[in-house]
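Numbering (this note's numbering), first residue to last: 87 to 185.
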């Protein structure tokens, strides 16, 4: 699935320009980190791997931009915990810093 990109988000609109999928992330101010804070998939697209594709889009961007990802959204956090292929960009936040 192809997604549109705007700074801080990847998203998909349907034919009526309704938002049907989105992942949002912020750039940390003091570290080379993207803070992945939200994923959304419309019920009509659920169960098709769309949320995983959205997270992968942020992973690919982080790799290209030489950044790591702090996954705050529960879906993204689970993806990072279960996908060893994301280990190179997974920022674990060991000090419990607030962003």
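We put the CB at the ideal spot given by N, CA and C, even for glycine. In this text, all values refer to a predicted model and were calculated from it rather than measured experimentally.
Can the beta-carbon of residue i be found closer than 7 Å to that of residue j?
i: residue 161; j: residue 137; result: yes
i: residue 115; j: residue 124; result: no
i: residue 177; j: residue 119; result: yes
Can you tell me which residues form a DSSP beta bridge with residue i?
i: residue 124; result: 110
i: residue 92; result: 95
Determine the closest residue to residue i out of the options, with distance taken between C-alpha atoms.
i: residue 132; options: 106, 177 and 94; result: 106
i: residue 94; options: 166, 140 and 101; result: 140
i: residue 170; options: 101, 145 and 128; result: 145
i: residue 89; options: 103, 108, 104 and 102; result: 108
i: residue 100; options: 121, 129, 113 and 117; result: 129
Any chance you could list the alpha helix (DSSP H) runs of at least 4 consecutive residues sitting entirely within the stretch 138 to 180, in chain order?
160 to 168
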